[in-house]
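Here this note's numbering is used: position 36 in the sequence shown is 790, and no number is missing along the way. Even for Gly, the Cβ is constructed at its ideal location relative to N, Cα and C. Since the model is a prediction, treat every value here as computed from it, not as a measurement.
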Amino acid sequence: MSLPLVHASLPCLSFHPSRSPIIRSHTQFFPRSSLPHSSLRSPPPPSPRFRRPTIRAASAARSELMADGASTGSSSSPAMKLLFVEMGVGYDQHGQDVTAAAMRACRDAISSNSIPAFRRGSIPGVSFEQMKLLIKLGVPHSLQQSLDIERVKSVFPYGRILDVEVVDGGLICSSGVLVEEMGDKTDECYIVNAAVYVGY
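Okay, here's the thing in structure tokens:
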């Protein structure tokens, strides 16, 4: 028993010195220029390798301001060499006291840190009395006039406070309940963010 032979016509590529290559098959000719675009596309370039973000000790603008002693926009502030930054958040859920929220934000920023370097003389030529602080608060714009800066400063037990900068930030949201016994006039909760710059 003989099996029928199956003839498969395979396309072949023909070149001519003065012509573009064409693909020849048993049925028709396709000039290279008439091929579908998908067949002419080169493979996509390999995806670039993941680059780790560059972490800077401080932004150029902040560094310049620190060196110039005007990190909070005050040209009268003495220069400060920045050591580290503490950050915190504070809430006032009942009573609608934005100053209370700001004080809690500052306490949150400094409560989990210890600074033995100033007392132990770890920094040559720098004593504990030379510790300086710059405080930056993010407070909802509509509440900034109600903020008591002197009460906020009382949170810090030591260190010379050079300036307190207040910028738009924080949040006003609903606490979900109004409790008159706790001094509530509305159900609003005030949230303040704090950044404390420590140096000498």
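Please name the residue, chosen from the options, that lies closest to residue i on a Cα-to-Cα basis.
| i | options | result |
| --- | --- | --- |
| Asp-902 | His-848, Met-857, Cys-943, Leu-916 | Met-857 |
| Thr-940 | Asn-947, Leu-932, Val-946 | Leu-932 |
| Leu-897 | Ala-854, Gly-879, Val-952 | Ala-854 |
| Arg-914 | Leu-925, Asp-922, Gly-844, Tyr-954 | Tyr-954 |
| Leu-916 | Val-950, Cys-860, Cys-943 | Val-950 |
| Val-920 | Ser-928, Phe-872, Asp-846, Lys-907 | Lys-907 |
| Cys-860 | Phe-882, Pro-911, Glu-883 | Pro-911 |
| Asp-846 | Ile-926, Glu-904, Ser-868, Gly-879 | Ile-926 |
| Cys-943 | Leu-836, Leu-837, Asp-851 | Asp-851 |
| Ala-871 | Ser-900, Gln-899, Val-918, Leu-837 | Leu-837 |
| Gln-899 | Asp-922, Gly-879, Glu-883, Val-880 | Asp-922 |
| Leu-886 | Arg-905, Val-918, Glu-904 | One detail in the question is off: residue 886 reads as Lys in this sequence, not Leu. It is Val-918 whose Cα lies nearest to the Cα of Lys-886. |
Can you tell me whether residue i is helix, strand or coil according to DSSP?
| i | result |
| --- | --- |
| Gly-923 | coil |
| Phe-910 | coil |
| Met-834 | coil |
| Val-852 | helix |
| Leu-969 | Residue 969 falls outside the range modelled here, since the chain spans only 755 to 954, and no answer is possible. |
| Asp-917 | strand |
| Asp-846 | strand |
| Ile-869 | coil |
| Ile-877 | coil |
| Gly-827 | For Gly-827, the predicted model reports a pLDDT of 41, less than 50, meaning its position is unreliable and no value from the coordinates is stated. |
| Glu-934 | helix |
Contact defined as beta carbons within less than 8 Å: I believe residue i pairs with residue j. What is the distance between those atoms, to the nearest angstrom?
| i | j | result |
| --- | --- | --- |
| Gly-875 | Gly-937 | Contact flag wrong, Cβ pair sits at about 47 Å. |
| Met-834 | Leu-888 | 7 Å |
| Gly-930 | Ile-945 | No, Gly-930 and Ile-945 are not in contact; Cβ-Cβ is about 14 Å, not under 8 Å. |
| Asn-947 | Val-843 | 5 Å |
| Ile-869 | Val-952 | 7 Å |
Could you tell me the boundaries of the beta strand (DSSP E) in which residue i lies?
| i | result |
| --- | --- |
| Val-946 | 942-953 |
Considering just the uninterrupted stretch of the alpha helix (DSSP H) at residue i, what are its terminal residues?
| i | result |
| --- | --- |
| Leu-882 | Note that residue 882 is Phe in the sequence shown, not Leu. Per DSSP, Phe-882 belongs to no alpha helix (DSSP H) and is neither H nor E. |
Below 7 Å, is the gap between the Cβ of residue i and the nearest heavy atom of the ligand ZN?
| i | result |
| --- | --- |
| Tyr-912 | Of ligands this structure carries none, so the ligand ZN is not represented either. |
Validate contact between the region 864-878 and the region 888-897 using beta carbons, cut 8 Å, 3 pairs: no
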